[in-house]
Amino acid sequence: MIFTLKEVIKWLGLSIFELWLHIMAFIVFSVLVAVKLEGGTTRSWWTVFIPLFVCDGCVAYFSSIVFIRLYLAGDRRLAAMRTLWSISVVALLLTYKITLCQRLEGIREIDYAVIHVPLFILLKMLAVRACQVDY
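Letter 91 of the sequence shown, counting from 1, is numbered 91 in the working numbering, and no numbers are missing.
Below, the structure is given as structure tokens:
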């Protein structure tokens with residue numbers, strides 16, 4: 001079963017622009033990972049992850065703009081809920097990426113199970129959100 005774009009947007013709590021940002025960042029990141037793993041570059045893992053970090057920054061900036069617009073329009077509850085969701089998702093993904101970079105660079109010897117904890121929390125949040133969203 002393939003989800004429609006409308007269902008994906010409701011389930012993930014993202015706008016089309018944010019979804020597009022994540023897809024483009026992931027495509028660039030995938031190319032950089034392939035080049036890094038094939039030995040085509042000696043750049044650090046931090047530079048490979050730059051597209052994902054930039055995407056997180058753009059999503060946070062976009063969310064703050066949406067919050068201000070919704071708040072000024074008088075829809076305070078929606079503004080607060082959407083901003084809380086976006087901040088939670090960005091914080092969990094950023095935590096995951098930073099700890100993974102630290103492990104790959106050898107800065108900290110973190111167990112991979114600990115590194116993936118933010119993703120498990122995010123999956124639980126998505127499961128709860130999927131049960132609450134009405135189509």
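Ideal placement from N, C-alpha and C gives every residue a C-beta, glycine not left out. The model shown is predicted, which means the values in this text are computed figures rather than measured ones.
Within the chosen definition, does the stretch 40-57 reach the stretch 94-112 through at least 3 CB pairs nearer than 8 Å?
Cβ pair count under 8 Å is three or more, so yes.
For Met1, name the three-state secondary structure that DSSP assigns.
Stepping through the sequence shown from its first residue, residue 1 is reached at position 1. Coil.
So, are the CB atoms of Ile121 and Leu92 less than 8 Å apart?
Here residue 121 corresponds to residue number 121 of the sequence shown, with the count starting at 1. Here residue 92 corresponds to residue number 92 of the sequence shown, with the count starting at 1. Result yes, Cβ atoms of Ile121 and Leu92 sit closer than 8 Å.
Closest by CA to Ala127, which one among Leu12, Phe3, Ile2?
Position 127 of the sequence shown, counting from 1, holds the residue named residue 127. If we check each option's Cα against that of Ala127, Leu12 comes out closest.
Can Leu32 and Val59 be called in contact, C-beta distance under 8 Å?
Here residue 32 is taken as the residue at index 32 of the sequence shown, counted from 1. Here residue 59 is taken as the residue at index 59 of the sequence shown, counted from 1. Against a cut-off of 8 Å, the Cβ pair of Val59 and Leu32 comes out as no contact.
As assigned by DSSP and simplified to three states, the class of Ala73:
Position 73 of the sequence shown, counted from the first residue, corresponds to residue 73. Residue state, collapsed to three classes: coil.
Where do the ends of the alpha helix (DSSP H) carrying Phe49 lie?
As a working note, residue 49 is residue 49 in the sequence shown. No alpha helix (DSSP H) contains Phe49, which DSSP labels as neither H nor E.
Looking at the structure shown, is Asp111 part of a helix, part of a strand, or coil, going by DSSP?
For the purposes of this step, residue 111 is identified with residue 111 of the sequence shown, where counting begins at 1. Asp111: coil per DSSP, three-state reduction.
Closest by CA to Val195, which one among Val114, Glu105, Phe62, Leu37?
Beyond the ends of the chain as shown, which are 1 and 135, falls residue 195; an answer cannot be given.
Taking only the alpha-carbon atoms, compute the straight-line gap between Leu84 and Val66 and give it to the nearest angstrom.
Taking the sequence shown and counting its residues from 1, the one referred to as residue 84 is at position 84. Taking the sequence shown and counting its residues from 1, the one referred to as residue 66 is at position 66. About 12 Å.
Contact belief for Ile23 with Ile16 at Cβ below 8 Å, rounded distance in angstroms:
As a working mapping, residue 23 is identified with position 23 in the sequence shown. As a working mapping, residue 16 is identified with position 16 in the sequence shown. Wrong, their Cβ atoms sit about 10 Å apart, outside the cutoff.
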